[in-house]
Amino acid sequence: MKKLILLALSIITLAACEGDRGPMGPPGQDGLIGTTIEFQVNFGNQNQYLYDFAANGIEVFEDEAILVYHSLDSEVENNNVSVWTPLPRTFYFDDGRELAYTYNHTFYDVEIMLGGSVNLNNLAPEFYQNQWFRIVIIPSARLEDPFVNTSSYQALKTSIEAQGLQLKEIN
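Positions in the sequence shown are counted from 1; adding 21 to them yields my numbering.
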């Protein structure tokens with residue numbers, strides 16, 4: 022019995038011991054979870070209605086996702102608030118034609134394109150001039166969280182901030 026008590030006390034004593042702490046790690050960016058880049062695009066015949074955004078100085082890793090949002094200034098009149106809608110985004114016209122904003126990306130760039138059944142050369146300027154986009158680079162694991170809403174940029178930002186995190190904005 023004495024050996025059993027001695028063994029139990031030895032285990033408790035050894036379990037309570039602590040060693041030296043290791044060196045401090047590099048400082049991180051507390052609370053930052055992703056990056057947002059906002060920019061304006063003028064599409065046209067000269068660039069084949071395609072814009073190639075090469076993210077200089079922005080790193081995208083294999084475990085990250087890229088989301089692209091589009092805003093039309095005319096969506097909210099007399100207000101400083103823009104509505105940011107995720108791509109792909111399609112507009113349907115009364116005559117049955119359609120216009121789509123789409124994108125694809127690699128680790129190095131994001132291409133935003135205009136397409137559809139509409140003749141792009143006859144398109145009204147409000148659909149191809151002074152178009153605002155936001156690219157969001159975010160860890161893919163965050164998008165698996167059921168509480169992260171990507172239906173609009175505002176919804177994404179709100180759901181990220183509700184977790185005590187924020188998106189780093191680059192203009």
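Think of the CB as a built atom: it goes at the ideal place given N, C-alpha and C, for glycine as much as any other residue.
With a cutoff of 9 Å on beta-carbon distance, S92 and F148 are scored as not near each other. Distances from the alpha-carbon of L186 to those of L88, K23 and T56 put T56 closest. N68 sits in a helix when the DSSP states are folded into three classes.
Following the DSSP letters along the chain, one finds I79 in no alpha helix (DSSP H), marked with neither H nor E.
For T123 against L108, the beta-carbon gap comes to about 6 Å, under 8 Å, which counts as contact.
DSSP places Q187 in the uninterrupted beta strand (DSSP E) bounded by Q187 to I191. With distances taken between CA atoms, V131 lies nearest to F74 out of P44, F60, P47 and F74.
Under the three-state reduction of DSSP output, R155 falls in the strand class. The beta-carbon distance between S173 and T106, rounded to whole angstroms, is 6 Å. This is short enough to meet the 8 Å contact definition. Secondary structure of S161 (DSSP, three-state): helix. Taken through DSSP and simplified to helix, strand or coil, Y129 comes out as coil.
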